[in-house]
Structures are given as structure tokens and as C-alpha cells.
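In terms of our numbering, the sequence shown opens at residue 1 and continues consecutively.
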Amino acid sequence: MKDLSQDEFSLAPGIVMLNHASYGLASRRVISAAQAMQYEIDSDPTARLGAALLGPLRRHSELLAETIGLRPAGMTLCTNATSGAAAIISSAALNESSTVVALETEYSSILRAWEVAAERSGATMIRIPVRLPFDGPEQLIEQMEAAVPGDIAYLQTSLVSSSSAVRFPVSELAAWAHDRGGRFVLDAAHGPGHVPFDPGGWDADAIFGTVHKWFPTLRPVGFLWLKDDLIETVRPAEVSLTWDAADLVERFSWPGTFDPVSRLSLPVAVEQWRQWAGRGAWEECAGLGDAAVEALTSIGARPTATPSYQPPRLRAFVLDRLTVSDVKELMTRAGIRPWVGPGADGECILRIATHVYNDLTDIEAVVSQLKGALR
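As C-alpha cells, then:
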């Protein structure tokens, strides 16, 4: 797989890239197409920016929705997952009697955004710890039942948690939120191009995410999807010229002056992603993820989830007795680029994302650096 794909990216020689899930990685094909688009825009920006963007952005929003399995009518592109979340949170009608519930494994800026909204409105914010390794919804829902005394306004969870790479049982969590009278908001930053969407089964009220993590497009580009009854009320967090638009795509089409090329190049990235899928690349990447679990477990690393709750191409491990700084130093010195950071309880977590430019030698390189330190 690596021999077929390594020349499709601009990675520096000798770098073992296993952190695609943080920032994504645009392919050479997308970069080339985007450069042509940039030249075209700058040949006459007065004619090609502003209202002229609406048609292409609508088509690209529909393309992404159809590709990942969402209803196009509730979909819009936005700047990134953070901007999508900010729109939902800033539009939430919170007051002193409202309760917002979020899992402790949520992305830190999303947790902080809900905290700020709660502080401003007087709402109550409850954060629910998640025990690792995650092995199912039963204990988590028991904790939620014990920690939350009554009805809620919102439950915020992830499809796949960022640091700990847990694939959560979305349907069960949505059912709990709705039973408590609340809205269910899903952070799907690690979903598009990676984990199949099931909007009917999930029953989410709002979904936000990032496209550039798992499609080879430029960064940043995100999306926002809303149920029908939220389309009118959710507005961008920044008040721009299109803030008052009745149409959802138009409303998010102009967040002030910005570079639209990452959104405009999306069809090129989707087509390349489909070509990789057609040659079986994603199954191979999932196989590498399984190989990483087997190899790292054998030297003492602890997976953050049991197999049913591990996403296909993103795996994370608790490294006991090692510090974040120690592991970062080991990996940096060896030219290996996983994600390394603290878990919710301060433990050292190493996360590996597998892509078309990876093969088993990359997993072996990680094991080689860690096996002496873990044993």
C-alpha cells in the first residue's frame, strides 16, 4: 500500500506519519487543483467571491452529504468543527434551569464552549467521566443516571472521541438524552470518510464535524447538519453579511472575508477518496489498526476500548509508567509522528491513525521505540 501511495503526498522523507487524524493531509492532486482555483479567484476576486460562491458551495455541500450519508437539506459546509459547534452552542436557548451534560472525553475546546455558554446563562454543566478501556454503554449510562438528577437541555458526545479514540454507542446515548427531554449533539470530527454514518439510527438533533481529517482536502473545511426544527434557529457564531439568510447554506457561505479554496476543492478530494476505497485501501488501513493493537498490547500498552468500540483506522493506547514528555521525545527523535498527550486522568495516551501511505513497518517502528520502556 505504501509503495502505491507515498508519492501522492508531500511528506518529508523519513517521516513516519501516524497522526493524520489531528490535522489531515492534503494530497498532491488536491493541492494542485486548489492552486489552480486560487489563481482563478485572484484573476478577478470581485466576480468570483461573495455571492458567486453560493452555487458551488451548495453543490459541494450536497456532494459531501450524499457521500457520507446525510440528508442534504439539513447540511451546510462551514469553516471547521469548532465553527459548527460554536453555531450550535451560541444558538442554544439556555437559562438558569437548563442542564448541559457532556462526556469527559469530549474535545477540550468543545467542553470549554459549553462551559462558557453555561456560565453566561446560569445553566448547570455536568461532565461525565468515561472509564478506559471503554467496553459498552451500560456503565456510562449508569453514571449519567446517577450524576444527572432531572431533565436536560443538551447532551454533547462524540462519534469517535479525539484523544482516546473511543467509538461511542451513539444510538444508546441519543435515546438517553431524548428520554431526559434534551437535544442530542454529536461531534463527528472523526467521522466523515472514516466511520459510516447512520443518521436514522443515531437520531441526533445536530451533528458537526471536520472534513479535512479523513478526506485528502485542504484544511480547514467542516460541516454542520441539523434536524428540520433547528435549521431556522441555529446561526453562525460570527455575525456576517449572510447571518440573516433563511437558506442554511447561504447563511454559512460568507463568514467574513475568507479563503474558500478548501471548500471549493472538496470534489477533487472526494473523488480521490473514492478511488482509494475502490482499491480496498480502507480495509487495509483497518487491518493495520488491528495489527497495531496486537503489537502494542503484546508489549504492555493498554487499548482505550474493547474491539467493538475501536474505530477502524484510529486506535489509542494508555502507556502506563510513561510520561507524555518521555514518549514525545522518543517519537520525535525517531521521526515518528503519532499523537501523544494526556488522558482525562493525566495518563499518557498514544494514538495512531493509519492511512494509505502507511504499512506494517510503521507500526513496527513505534513498537521498537516503546518496547524497552514499557517492559
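Note that beta-carbon positions come from the ideal geometry of N, C-alpha and C, so glycine has one too.
**Asked** When DSSP labels each residue in this structure, what does Ala123 get in the three-state scheme?
**Response** DSSP places Ala123 outside both helix and strand once states are collapsed to three, so it counts as coil.
Problem set entry | Runs of alpha helix (DSSP H) lying entirely within the stretch 211–251, each at least 4 residues, in chain order | Listed in chain order, they are 228–231, 248–251.
message: So for Gln38, helix, strand or coil by DSSP?
response: DSSP places Gln38 in helix when its eight states are reduced to three.
Contact under 9 Å by Cβ, Val101 with Ile152
Taking 9 Å as the Cβ cut-off, Val101 and Ile152 qualify as a contacting pair.
Original post:
Using a beta-carbon distance below 9 Å, is Ile15 in contact with chain D?
Top reply: Of the protein chains in the structure, only one exists, and it is not chain D.
Can you list, in chain order, the residues of its chain whose CB lies under 7 Å from that of Phe215, leaving out five sequence neighbours each side? Cβ within range, chain order: Pro192, Gly193, Ala269, Val270, Trp273.
Are at least three pairs of beta-carbons, each pair with one atom in the stretch 286–300 and one in the stretch 330–345, less than 8 Å apart?
No, the stretch 286–300 does not touch the stretch 330–345.
Alpha-carbon to alpha-carbon, Ala204 and Leu266
Cα to Cα, the separation comes out at about 25 Å.
Checklist entry - Expressed to the nearest angstrom, what Euclidean distance is found between the alpha-carbon atoms of Phe184 and Leu155? => result So the two alpha carbons sit approximately 5 Å from each other.
Buried versus exposed, by CB contacts within 10 Å (16 or more), Tyr23: Taking every protein chain shown into account, the CB of Tyr23 has fewer than 16 other CB atoms within 10 angstroms, so this residue is exposed.
In chain order, what residues of the same chain lie with their CB nearer than 7 Å to the CB of Thr82, ignoring the 5 residues before and after it?
For Thr82, where only same-chain residues beyond five positions count, the Cβ hits under 7 Å are Ser109.
How many angstroms separate the CA atom of Asp362 from the CA atom of Arg58? So the two alpha carbons sit approximately 39 Å from each other.
Can the beta-carbon of Arg251 be found less than 9 Å from the beta-carbon of Arg235?
Yes, the pair counts as a contact, with Cβ atoms nearer than the cut-off.
*Would you kindly work out how many angstroms separate the C-alpha atoms of Leu224 and Ala86, rounded to a whole number?*
Near 10 Å, if we compare the C-alpha coordinates of Ala86 and Leu224.
Nearest residue (CA-CA) to Leu77, options Ile88, Ala146, Ala65:
Ranking the options by Cα distance to Leu77, first place goes to Ala65.
Check: Out of Val340, Ala188, Met125, which has the shortest C-alpha to C-alpha gap to Asn377?
Finding: Residue numbering for the chain in the displayed model covers 1 to 375; residue 377 lies beyond these limits and cannot be assessed.
key: Close-in-space but distant-in-sequence residues of the same chain around Tyr107 (CB under 6 Å, 5 per side omitted)   = The answer, listed in chain order, is Ser162.
Look up Gln275 in the DSSP assignment and say whether it is helix, strand or coil. Correct three-state label for Gln275: helix.
* Separation of Met75 from Thr233, as counted between CA atoms -> Rounded to whole angstroms, the gap between the alpha carbons of Thr233 and Met75 is 14 Å.
Are there three or more Cβ pairs, one per stretch, closer than 8 Å when the stretch 275–290 is compared with the stretch 86–95?
-> Counting Cβ pairs under 8 Å, fewer than three are found: no touch.
Evaluate contact between the stretch 36–53 and the stretch 254–262, counting only Cβ atoms and requiring at least three cross-stretch pairs below 8 Å.
Result yes; three or more Cβ-Cβ pairs closer than 8 Å.
Q. Just to confirm, are Arg302 and Pro133 a CB contact at a threshold of 9 Å?
A. Cβ atoms of Arg302 and Pro133: closer than 9 Å.
Endpoints, beta strand (DSSP E) assigned at Gly376:
In the structure displayed, the chain extends from 1 to 375; residue 376 sits before or after that span and is not available.
Own chain, CB closer than 7 Å to Leu70, minus 5 neighbours either side, in chain order
Sequence-distant partners of Leu70 (beyond 5 residues in either direction) whose C-beta falls short of 7 Å from its own C-beta, in its chain, are Phe197, Pro199, Trp225.
- request: Go through its chain and collect everything with a Cβ distance to Gly201's Cβ below 6 Å, but skip five positions before and after it.
  value: Counting only Cβ-Cβ distances below 6 Å, and skipping sequence neighbours, we find Ser171.
Would you list, in sequence order, the uninterrupted beta strand (DSSP E) runs of no fewer than 3 residues that lie entirely inside the stretch 89–141? 99–103, 124–128, all fully within the stretch 89–141.
inquiry  = For Ile15, count the other beta carbons within 10 Å of its own beta carbon; 16 or more makes it buried, fewer makes it exposed. Which is it?
reply    = In summary, Ile15 is exposed, with fewer than 16 beta-carbon neighbours lying within 10 Å of its beta-carbon over all protein chains present.
### Message
Which same chain residues end up closer than 6 Å to Gly84 when comparing Cβ atoms and leaving out the 5 residues on each side of it in sequence?
### Response
Closer than 6 Å at Cβ, skipping near neighbours: Cys78, Phe208, Gly222, Leu224.
Q.
At 4 residues or longer, what runs of the alpha helix (DSSP H) sit wholly inside the stretch 299–336?
A. Taking 4 residues as the shortest admissible run, the stretch 299–336 contains the following complete alpha helix (DSSP H) segments, listed from N- to C-terminal end: 324–334.
> Over what stretch of residues does the beta strand (DSSP E) that includes Ala12 continue unbroken?
Replying inline: Taken as a continuous stretch (DSSP letters only), Ala12 belongs to no beta strand (DSSP E), as it is neither H nor E.
Once the 5 residues before and after Pro137 are set aside, which same chain residues still bring their CB inside 6 Å of it?
Around Pro137: Pro169, Glu172.
ask   = Can you tell me whether Leu241 is buried or exposed, with buried defined as 16 or more other CB within 10 angstroms of its CB?
value = With fewer than 16 Cβ atoms within 10 Å of its Cβ, Leu241 is classed as exposed.
- Quick one: what's Asp187 bridged to in DSSP? Residue pairing by DSSP places Asp187 opposite Ser158, Phe208 in a beta bridge.
Report the three-state DSSP secondary structure of Ile352 (helix, strand or coil).
The DSSP-derived three-state label of Ile352 is strand.
Q. By DSSP, does Ile180 sit in helix, in strand, or in coil?
A. In the sequence as displayed, the identity of residue 180 is Arg instead of Ile. Coil, per DSSP.
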